[in-house]
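So the sequence shown is numbered by the working numbering: it starts at 52 and just counts up by one. Here a beta-carbon is modelled for each residue, glycine too, at the ideal position from N, C-alpha and C.
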Amino acid sequence: MTKKSSNFPTRGSVKLTHLPVLQNIISTLKPVDLVFIGFLLLIPLVIFLLFKRSVQEIVVRVEVTGENVFSEPTRPNIEYADSFQVGDVITNQLGQNVAEILDVTSYRITQDRRVVFLDVRLRTLFDPRKQQYFYQGKPVIFSEFMELDFRKAKLRGRIVDFPGFRDEDAPQGIMRVRAQLRWENRQFSDVYGVPKFIADSIQAGDVIRDNRGQPLLKIIEVETNPAKRTVFTESGVPRIVQDPELKDVFYTVDIATKEYNGTPYMFDYFTISVGDTIPINKDHVSIFPVVTEIVEYKTGKTLE
């Protein structure tokens, strides 16, 4: 039997006939042509880098707004506030941690309600074109609401800080204010006095701290006087008299502050202005005196 010849090339018979042609083409190119070709090859790389989203882990601060996700935002109650624990995580289907509670800061706003801030590490996508982080398709921006299902608690909160939003080295300071304790449940509309047992509930030297023991404010002085009330005589002449039971109470308070963009804030995120109320909460009492005067502000100081 004779062996038929094949039209396919055998091993060793293939020659790189196109290589000399390519070398001839390159040799005919001028430096300007090479620069132009390199520029064309660089464009897709630049577009890829600009639009590529990278996975990054960031730490955000979230203010807890309430335990019921179907209700209006409220302050969490004591039981709900205590349910958030450092180390609690959220995992995806691959078993990767996509969220983890790193720190919990809280202080009481009333006897049964707290203000709670969580430092949460999130696994996010970073869009270099927008210079923005995204978590589960939602942008990480100030006041964006988040619902996170941790293993031990369901969080509903709003973002109050994230990388690049606030100055990490915000100057600390102390603001001294004068505040008046006012009791709205009074018989006479011109009297702001409070009962004696409330007036005596806060003493000079009392310090209000957060859950980590950090001082938030300190009572420097308490001034208690008989409450003044306006009465009219039979002839219609107004007279100012002292109420026999109610007391006018004035506090001098030092408040720990942090300064952002030239504005001091108490408790990190609340401004201090005349007419604002200050939450003073102890184990046995919750009061909200009204700021009547800002005495002084010292930057670079810390409350002890």
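Item: DSSP-derived helix/strand/coil call for A132; Value: helix
Item: C-alpha distance - F301 paired with Q254, whole-angstrom precision; Value: 11 Å
Item: C-alpha distance - Y320 paired with N312, whole-angstrom precision; Value: 12 Å
Item: Close Cβ partners of V149 (< 6 Å) along its chain, the five nearest in sequence each way excluded; Value: I141, N143 and R174
Item: Three-way DSSP call (helix, strand, coil) for L145 in this model; Value: coil
Item: When L297, F193 and E347 are compared against P277, the one with the closest alpha-carbon; Value: L297
Item: Residues sharing a beta bridge with L169, DSSP; Value: V113 and V155
Item: Residue range of the beta strand (DSSP E) that includes K203; Value: Run containing K203: none; DSSP gives neither H nor E here.
Item: Uninterrupted beta strand (DSSP E) stretches inside the region 248 to 297 (no shorter than 3 residues); Value: 258 to 260 and 266 to 283
Item: F177 beta carbon less than 8 Å from that of S105; Value: yes
Item: Endpoints, beta strand (DSSP E) assigned at G224; Value: Q223 to L232
Item: Residue from K349, T303 and R172 whose Cα sits closest to the Cα of A230; Value: T303
Item: Distance between R180 and E130 (C-alpha atoms, nearest Å); Value: 43 Å
Item: Counted within 10 angstroms of its Cβ, other Cβ atoms place L92 as buried (16 or more) or exposed; Value: exposed
Item: Nearest-angstrom beta carbon gap, F193 and I109 [assumed within contact, 8 Å]; Value: 14 Å between Cβ atoms; not a contact.
Item: Pick from V115, L232, R260 and K203 that is closest to K247, judged by C-alpha positions; Value: L232
Item: Minimum C-alpha distance to R217 - residue among E347, P315 and F87; Value: P315
Item: Contact test: L354 Cβ vs the ligand ZN heavy atom, cutoff 7 Å; Value: Ligands in the displayed structure: none, and consequently the ligand ZN is not present.
Item: The region 265 to 280 in contact with the region 193 to 209 per 3-pair CB rule at 8 Å; Value: no
Item: Contact set for P266: own chain, Cβ-Cβ below 8 Å, skip 5 residues either direction; Value: V258, I259, R260, A307, L354 and E355
Item: Beta-carbon proximity of F339 to I329, cut-off 8 Å; Value: yes
Item: Simplified DSSP state of V245, which is helix, strand or coil; Value: strand
Item: Same chain, Cβ closer than 6 Å to I160, neighbours up to 5 away in sequence not counted; Value: R126, V166 and P330
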